[in-house]
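What follows is a single structure, written as structure tokens, with notes after it.
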Amino acid sequence: MADGRVDFSGLYEPDLPPVPPKDLKKLPAGQIPHAYFFDVAADLNGSLPYRPFYADLVKKRQQAEAKDTPDGFCLPLGLLQLHTHPEPRKVIETAKYMMIMNEANYGRREIFMDGRTLPKITDELQPWWYGYSVAKYEGDTLVIQTTGLRDGQWLDFNNGDPLTDKAFVTERWTRPTFGHLNIQVTVDDPKAYTKPWTTQIDQHLMLNTEIIEHVCVEGEYATTLPNGDSKLLRHWSDTRKK
Amino acid sequence: MMALKTKTLSRLVAACALLTGVSVSAHHSISAEFDEKNIVTITGKVTKMEWVNPHAHFYVEGEDTKNHKKGEFICDLLPPAMLMRKGWTRNSLKPGDVVTVTGPLAKDNPFSVYSRSVTMKDGTKMFEGATEPDVR
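Protein chains in written order, with this note's numbering: chain A, 35 to 276; chain B, -8 to 127.
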């Protein structure tokens, strides 16, 4: 940037594949795990610190083979899935504002860097899928804070790790080398977890490509019934003649 | 006649699935919808390509050589954006093309497969680079 700060603008994709390899080795205790699209802490030595209700919920989601994962209904990706999805995201940064446009499922985040504070969490505040985000620089590290999140989210597509409306998420963005981005994400969600925990995502710049339109819902209309079952209402292929 | 019977069966399966609340050919978790332990091979002629989100898919009038089922199969692919980034287009497959499709069969529809590989009669690998990773 003109003021000498790191400019994170660019088109990025994750270094890691979406699905953890079957022979993935667990990290030594105490090291920050890596987030995959399918599992937000795949190489964590041990388990995330779930509260009992959420430990059961994660187990149920896995037993159901992630059939209720929100993205499966073309609902927005979870906050961390925006970082781990294999499709690219474009970061546009100005002096006081950042936008992240995800190709996948038309994800879009606005991050304000103009000195404003996070909204107060009250009954009046409408929770959002991607919450409300503000950011500031600490040296060359961009620190993004997010709250006001919608309840019932999945941090990953397949593992079913929860994120609730009580969460406070801190992202620390750094550029270890030119073209590479490291994002450390700390989830402080006392409703779902007994203590804060941290994971990380590495991304790199993509060249000679741009965002491609991806309107997930164009091909189908799905809903969830009151009993929790999913129901397909209509499929695009049924609406056109061969 | 066979195709008609198959379409009727496919719709019946879909209708039953709707009644039981299970989605068919929807946007999905691969592991929830397809059976990784039941990898099948479909050989036949492409009848139609649908280049739509959330999953591009095409139809093959052919045979599941493992289960000896004949009819029209729906073959899922990744989202169009992911295919296009690897250079594939809505015209990469055309009606009449003879293909061999390999992948897991749907758990609730014997005429639905997730396309892990798509090979033309001359050996050309279609959608190469964009049949993996399995992200949905």
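Built from N, CA and C at the ideal position, the CB exists for glycine as well.
Q. Going by DSSP, which residues form a beta bridge with residue 123 of chain A?
A. Here residue 123 of chain A is taken as the residue at index 89 of the first sequence, counted from 1. Residue 123 of chain A is bridged to A:46 and A:136.
**Q.** Between the CA atoms of residue 188 of chain A and residue 126 of chain B - distance to the nearest angstrom
**A.** The residue you call residue 126 of chain B lines up with position 135 of the second sequence. The residue you call residue 188 of chain A lines up with position 154 of the first sequence. In this prediction, residue 126 of chain B scores a pLDDT of 47, lower than 50, which makes its location untrustworthy; no coordinate-derived value is stated.
**Q.** chain A residues whose Cβ lies nearer than 7 Å to that of residue 73 of chain B
**A.** Your numbering for residue 73 of chain B matches position 82 in the second sequence. Neighbours of residue 73 of chain B in chain A, taken as residues whose beta carbon is under 7 Å from its own, are 121 in chain order.
Q: May I ask you to list the residues that DSSP assigns as paired with residue 98 of chain A?
A: Indexing the first sequence from 1 puts residue 98 of chain A at position 64. For residue 98 of chain A, DSSP assigns no beta-bridge partner whatsoever.
Q: Name, please, each residue of chain B whose Cβ falls closer than 7 Å to the Cβ of residue 248 of chain A.
A: Within the first sequence, the letter at position 214 stands for residue 248 of chain A. At a C-beta separation below 7 Å, residue 248 of chain A has these neighbours in chain B: 44, 70 and 72.
Q.
Measuring only the C-alpha atoms, how far is residue 210 of chain A from residue 204 of chain A?
A. The residue labelled residue 210 of chain A in the question sits at position 176 within the first sequence. The residue labelled residue 204 of chain A in the question sits at position 170 within the first sequence. Using only the alpha carbons, I get a separation of about 19 Å.
**Q.** As assigned by DSSP and simplified to three states, the class of residue 70 of chain A
**A.** Within the first sequence, the letter at position 36 stands for residue 70 of chain A. Residue state, collapsed to three classes: coil.
**Q.** CA-to-CA distance, residue 250 of chain A to residue 83 of chain A, given in whole angstroms
**A.** What you label residue 83 of chain A is simply residue 49 of the first sequence in a count that begins at 1. What you label residue 250 of chain A is simply residue 216 of the first sequence in a count that begins at 1. Approximately 33 Å between the Cα atoms of the pair.
Q | Buried or exposed (CB count within 10 angstroms, at least 16 for buried), residue 59 of chain B | A | Along the second sequence, read from residue 1 onward, the residue named residue 59 of chain B stands at position 68. By the 10 Å Cβ count, residue 59 of chain B comes out exposed.
Q. CB of residue 86 of chain A to nearest heavy atom of the ligand ZN: below 7 Å?
A. This structure lacks the ligand ZN, and indeed carries no ligand of any kind.
Q. Comparing the C-beta of residue 276 of chain A with each C-beta of chain B, is any distance below 8 Å?
A. Counted from its first residue, the first sequence places residue 276 of chain A at position 242. Unreliable positioning characterises residue 276 of chain A in this predicted model, as indicated by a pLDDT of 35, which lies under 50. The coordinate reading is nonetheless provided below. Yes, its Cβ sits closer than 8 Å to a Cβ of chain B.
Q) Would you call the region 220 to 238 of chain A and the region 105 to 124 of chain A in contact, with 3 or more CB pairs under 8 Å? A) As far as the Cβ criterion goes, the region 220 to 238 of chain A touches the region 105 to 124 of chain A, which means the pair count is three or higher.
Q) What are the boundary residues of the beta strand (DSSP E) that residue 169 of chain A is part of? A) Position 135 of the first sequence holds residue 169 of chain A. Element bounds for residue 169 of chain A: 166 to 172.
Q. Could you give the distance in angstroms between the alpha-carbon of residue 52 of chain B and the alpha-carbon of residue 144 of chain A?
A. The residue labelled residue 52 of chain B in the question sits at position 61 within the second sequence. The residue labelled residue 144 of chain A in the question sits at position 110 within the first sequence. Counting only the Cα atoms, residue 144 of chain A lies some 47 Å from residue 52 of chain B.
Q. With DSSP run on the structure shown, which of helix, strand or coil describes residue 117 of chain A?
A. For the purposes of this step, residue 117 of chain A is taken as the residue at position 83 of the first sequence. Of the three classes helix, strand and coil, the one that applies to residue 117 of chain A here is helix, per DSSP.
Q: Answer with yes or no whether the minimum CB distance from residue 76 of chain B to chain A is below 8 Å.
A: Within the second sequence, the letter at position 85 stands for residue 76 of chain B. True, the Cβ-Cβ gap to chain A drops below 8 Å.
Q: Work out the CA separation of residue 180 of chain A and residue 248 of chain A for me, nearest whole Å.
A: Sequence index remark: in the first sequence, residue 248 of chain A carries index 214 (1-based). Sequence index remark: in the first sequence, residue 180 of chain A carries index 146 (1-based). Going by the C-alpha atoms only, they are around 25 Å apart.
Q.
So, for residue 155 of chain A: in the same chain, excluding its five sequence neighbours on each side, which residues have a beta-carbon less than 7 Å away from its beta-carbon?
A. The count along the first sequence starts at 1 and reaches residue 155 of chain A at position 121. 181 and 182, listed in sequence order.
Q. Which residues does DSSP pair with residue 66 of chain B in a beta bridge?
A. Position 75 of the second sequence, counting from 1, holds the residue named residue 66 of chain B. Residue pairing by DSSP places residue 66 of chain B opposite B:49 and B:104 in a beta bridge.
Q) What number of angstroms, rounded off, separates the C-alpha of residue 111 of chain A from the C-alpha of residue 97 of chain A? A) Taking the first residue of the first sequence as 1, we reach residue 111 of chain A at position 77. Taking the first residue of the first sequence as 1, we reach residue 97 of chain A at position 63. About 21 Å.
Q) Whose C-alpha, out of A:89, A:59 and A:57, is nearest the C-alpha of residue 227 of chain A? A) In the first sequence, residue 227 of chain A corresponds to position 193, counting from 1. Of all alpha-carbon atoms in A:89, A:59 and A:57, the one lying nearest the alpha-carbon of residue 227 of chain A is that of A:89.
Q. Closest to residue 164 of chain A by CA distance: which of A:140, A:53, A:94 and A:50 is it?
A. As a position in the first sequence, residue 164 of chain A is number 130, starting the count at 1. Out of A:140, A:53, A:94 and A:50, A:140 has the C-alpha closest to the C-alpha of residue 164 of chain A.
Q: Output the distance between the C-alpha atoms of residue 79 of chain B and residue 87 of chain A, rounded to the nearest integer angstrom.
A: Taking the second sequence and counting its residues from 1, the one referred to as residue 79 of chain B is at position 88. Taking the first sequence and counting its residues from 1, the one referred to as residue 87 of chain A is at position 53. Between residue 79 of chain B and residue 87 of chain A, the alpha-carbon positions lie close to 45 Å from each other.
Q. Secondary structure at residue 86 of chain A, three-state DSSP: helix, strand or coil?
A. For this step, residue 86 of chain A is matched to residue 52 along the first sequence. DSSP places residue 86 of chain A in helix when its eight states are reduced to three.
Q. Got a sec: is the Cβ-Cβ distance from residue 107 of chain B to anything in chain A below 8 Å?
A. Taking the first residue of the second sequence as 1, we reach residue 107 of chain B at position 116. Not one chain A Cβ lies under 8 Å of residue 107 of chain B.
Q) Looking at the C-beta of residue 192 of chain A, does it have a partner C-beta in chain B at a distance below 8 Å? A) Walking along the first sequence from the start, residue 192 of chain A turns up at place 158. Closer than 8 Å: yes.
Q | Assumed close pair residue 160 of chain B, residue 98 of chain B - CB separation to whole angstroms, cut-off 8 Å | A | Because chain B in this structure spans residues -8 to 127, residue 160 of chain B falls outside the shown range and cannot be described.
Q) According to DSSP, what are the bridge partners of residue 214 of chain A? A) Along the first sequence, read from residue 1 onward, the residue named residue 214 of chain A stands at position 180. Here residue 214 of chain A is bridged, per DSSP, to A:238.
Q | Contact list for residue 34 of chain A against chain B, beta-carbon separation under 9 Å | A | Here chain A comprises residues numbered 35 to 276, so residue 34 of chain A is not present and cannot be evaluated.
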